[in-house]
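In terms of our numbering, the sequence shown opens at residue 859 and continues consecutively.
Cβ atoms here follow ideal geometry from the backbone N, Cα and C, with glycine treated the same way.
What follows is a short report on a single structure.
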Amino acid sequence: MNPGDDLATADYSPPDRSCDIVMKGGITSGVVYPHAVCELAQTYRFRNVGGTSAGAIAAAATAAAEYGREKNGFNKLARLPEWLGTGTNLRSLFQPQKKTRRLYAVLLAGLDRGPKGMIAAAVGEHLPAAALGALPGLALTAVALVGAANADSTALMIVAVAAALFAGLPLAALGASLAIALRIGWEASRRIPRNGFGLCQGESSDESWGVKPLTPWLADLLNDLAHLPRDTPLTFGHLWAGPGKSRAEVPKDPGDRWLQLAMMTTNLTNRRAHQLPWDSREWFFDPIEFRRLFPPEVVKWMEDHPPPEPDDYTPAEVQESRVRRALMLPKLPLPAPADLPAIVPTRMSLSFPVLLSAVPLWNLDMTRPENGALEEWRKWAKTQGESWDPLEKPRKDWPKAGQPSDDPILECAWFSDGGISSNFPIHFFDRLVPRWPTFTINLRPFPLGEEPKENERDNTSMVESNSDGIAEWWYRFPEPGKLLDKRLFGFLGAAVRTMQNRSDEALMRAPGYRDRVAHVSLDDNEGGMNLTMPPERIEALTARGRFAATRLRDAYAVPVPLGRKITWDNHRWVRLRSSLAVLEEMNTRFAQGYETPPVLDDEVTYADLVAAPPSYPFKGNWQRQVAEVEVTAIQAMADAAEDAPGSMADGQPQSAPQGRIAPRD
859 MNPGDDLATA DYSPPDRSCD IVMKGGITSG VVYPHAVCEL AQTYRFRNVG GTSAGAIAAA
919 ATAAAEYGRE KNGFNKLARL PEWLGTGTNL RSLFQPQKKT RRLYAVLLAG LDRGPKGMIA
979 AAVGEHLPAA ALGALPGLAL TAVALVGAAN ADSTALMIVA VAAALFAGLP LAALGASLAI
1039 ALRIGWEASR RIPRNGFGLC QGESSDESWG VKPLTPWLAD LLNDLAHLPR DTPLTFGHLW
1099 AGPGKSRAEV PKDPGDRWLQ LAMMTTNLTN RRAHQLPWDS REWFFDPIEF RRLFPPEVVK
1159 WMEDHPPPEP DDYTPAEVQE SRVRRALMLP KLPLPAPADL PAIVPTRMSL SFPVLLSAVP
1219 LWNLDMTRPE NGALEEWRKW AKTQGESWDP LEKPRKDWPK AGQPSDDPIL ECAWFSDGGI
1279 SSNFPIHFFD RLVPRWPTFT INLRPFPLGE EPKENERDNT SMVESNSDGI AEWWYRFPEP
1339 GKLLDKRLFG FLGAAVRTMQ NRSDEALMRA PGYRDRVAHV SLDDNEGGMN LTMPPERIEA
1399 LTARGRFAAT RLRDAYAVPV PLGRKITWDN HRWVRLRSSL AVLEEMNTRF AQGYETPPVL
1459 DDEVTYADLV AAPPSYPFKG NWQRQVAEVE VTAIQAMADA AEDAPGSMAD GQPQSAPQGR
1519 IAPRD
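Written out as structure tokens, the structure is:
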């Protein structure tokens, strides 16, 4: 790479090679990604793109630029870092609401100027509370000074002045501090939850900032990169079908889709992670709430595109579905994934806790006894005849006879930052035997004793052989301080980050994963919550991202330079070698469980269960025959492994992965 090359004017003619890319979260660390993907886009066409948190922003922008490749999508994306580094554009994307403005000002001052700046901002933003809290101490000081002025003796005057200096003024300072702390605590505990558990909603009606807030700015950016009109949000259907095709032309097989976009969000109400987009038909949104979070054209699109009933639904199932929708009004069902604007899952993924409001969706808790009323309504609907459509007329015009007396109770679930549950979803798009590389870009601190180097390429890294990248990465606690000991805060922060990243950190060390990760090192002043980074720092991080991309591109380049050990063919072999060992272990365990006689006399064998399933019956005799063939093949593979002089695990790449059944995100 020539650092002087201008990616904004580069040639992005459609390349012959394909790749996937996954990007880590990190709020403002996302400035690393635009030039990284533009560098790769000159060699690769992106087939699957994913990320979480700030990585979700980069993923959506990459997908949009790929969709608009022939309309200068990547040329436009390459100009993004320059815009972010101009003036206060980056900081101005995060615009608080009126009632959270003071809290945001205190946070921003702390991020920009440290504890002293935060204290100064807290006092400046809460002068009435400070004055009220200081009043008792000031009153004591005034009384003491008056007493000193009227003292009959020098001794009494000294005592009075000492009382003012050592009691009144400290009491005033303590009172002011407590009053400010109590005021901030009161505001935070009331106003942040009322603002969707965030200081900024991502939308704002205040035009004094000079730029649009984050969500409408990002929605406009995606449409601009994809070369779509403003009133037609970029949807997953656009990406699945590809440029020049209707969203109705989406291939049925997900593997045949033109481009897949995926991101993570965290459902705090149900305490689980979700990969977006999902096919679930259970979630509803409130248009009034969404207009506070998304541009009006996005919400109108969602209102105008309710999900169609599945083609395989019977008339009774269609009616049941429409009864549910009617009972949920004025809440509306989320559009089907093909019609869902990409900005919605992106915003759900980047809801940085407290900084950005969480996104509310609505659903029924079917463990609540009251929600058994839904089944009563479905039974009542059947009495109206199979052709009766609950959505044809308003509910007030429904037949009154026999209506259930109670309604099901819809409840809100809060969706926050995807990084809470998986900050680096390296598992996205993974295959046992990949067809093309899945590149990933990781953000992490500098190693112990290292600082940012002048050559930004040296601030990035990637494994150079199969034996690299196995060692654990160390994240150290702070050293004891003279005035403030930060070790407890470091311990608590490490606990949170471990919950976020434990699976991702483990996968990064696995064979077939570690050789497709480029690492970008950041110090404490770079990325993260640093909303006020100067232009030169943004420029440095942008260059760092580009160098990380060149490491990935060069490692997988064809033809292979003499001496290079990390190559596309080597990666494919490592994955195949590891997969064979994993499959051998799974086949052996399957065969052992299948063939072992039941422990109790009244238990049937697994073969008996295949012959006569107690639930989830086969769709036909063909499915039973396929099951029997698969079982026989697995048993044969397990027998072959048992008869072999050794195991496929002998000499396999380390650290050895394992196969297991796990729920989908």
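Looking at the backbone, the Cα of R1150 and that of L966 are separated by about 23 angstroms. In this structure, the beta-carbon distance from V1321 to D1373 falls below 9 angstroms. Approximately 19 angstroms separates the beta-carbon atoms of W1431 and D878; this is outside 8 angstroms, ruling out the contact. The C-beta of S1280 has 16 or more other C-beta atoms within 10 Å across all chains shown, which makes the residue buried. In the three-state scheme derived from DSSP, where H, G and I count as helix and E and B as strand, D878 is classed as strand. Boundaries of the alpha helix (DSSP H) harbouring P1203: I1201 to S1207, taken from the DSSP string. Taken atom to atom, the span from the alpha-carbon of A1120 to that of P1283 is near 10 angstroms. The three-state secondary structure of R1041, taken from DSSP, is helix. Counting along the chain, E1269 sits inside the beta strand (DSSP E) bounded by residues L1268 to S1274.
With contact defined as three or more Cβ pairs closer than 8 angstroms, the stretch 1068 to 1087 and the stretch 971 to 984 are not in contact.
When the Cα atoms are used, G995 and L1027 turn out to be separated by approximately 6 angstroms. The Cβ neighbour count for R1130, taken over all protein chains shown within 10 Å, is under 16; the residue is labelled exposed.
Residue pairing by DSSP places S1379 opposite R1302 in a beta bridge. Looking at the DSSP output, V1108 sits in no beta bridge, so it has no partner there. Beta-bridge partners of Y902 (DSSP): R875. Across the set L1083, T958, L993 and G1327, the C-alpha of T958 shows the shortest separation from the C-alpha of R1052. Leaving aside the five residues that flank V1418 on each side, the residues in its chain whose CB is nearer than 6 angstroms to its CB run, in chain order, T1425.
Collapsing the DSSP output to three states places H984 in coil. The way I'd put it, the stretch 1308 to 1318 doesn't touch the stretch 1330 to 1338; fewer than three beta-carbon pairs between them come closer than 8 angstroms.
Nearest to D1326 by alpha-carbon distance, out of V1375, F1347 and V1291, is V1375. Beta-bridge analysis with DSSP links W1431 to no other residue. H1132 sits in a strand when the DSSP states are folded into three classes. Annotation: the stretch 1069 to 1098 contains the following complete segments of the alpha helix (DSSP H) (minimum length 4 residues), in chain order: 1072 to 1084.
When the beta-carbon positions are compared, P1292 and A1514 stay at least 9 angstroms from each other. Excluding sequence positions up to five before and after D1223, its CB lies within less than 7 angstroms of the CB of N1229 and E1269, all in the same chain and listed in chain order.
The Cβ neighbour count for K882, taken over all protein chains shown within 10 Å, is at least 16; the residue is labelled buried. Collapsing the DSSP output to three states places M1015 in a helix.
Here the alpha carbons of H1132 and N1125 stand approximately 7 angstroms from one another.
Between the stretch 1083 to 1098 and the stretch 1193 to 1210, the count of Cβ pairs shorter than 8 angstroms is three or higher; the stretches touch.
W1116 and P1305 have their C-alpha atoms roughly 39 angstroms apart. In the three-state DSSP reduction, S1319 falls in the strand class (E or B).
P939 is positioned such that its CB atom lies no closer than 9 angstroms to that of T1296. The beta carbon of R1041 sits closer than 8 angstroms to those of H984 and A987, all from its chain and outside the five residues before and after it, given in chain order. In this structure, the beta-carbon distance from S1215 to F1055 falls below 9 angstroms.
Partner residues in the beta bridge of W1220, as assigned by DSSP, are F1142 and C1270. The C-alpha of D1137 is placed about 35 angstroms away from the C-alpha of R937.
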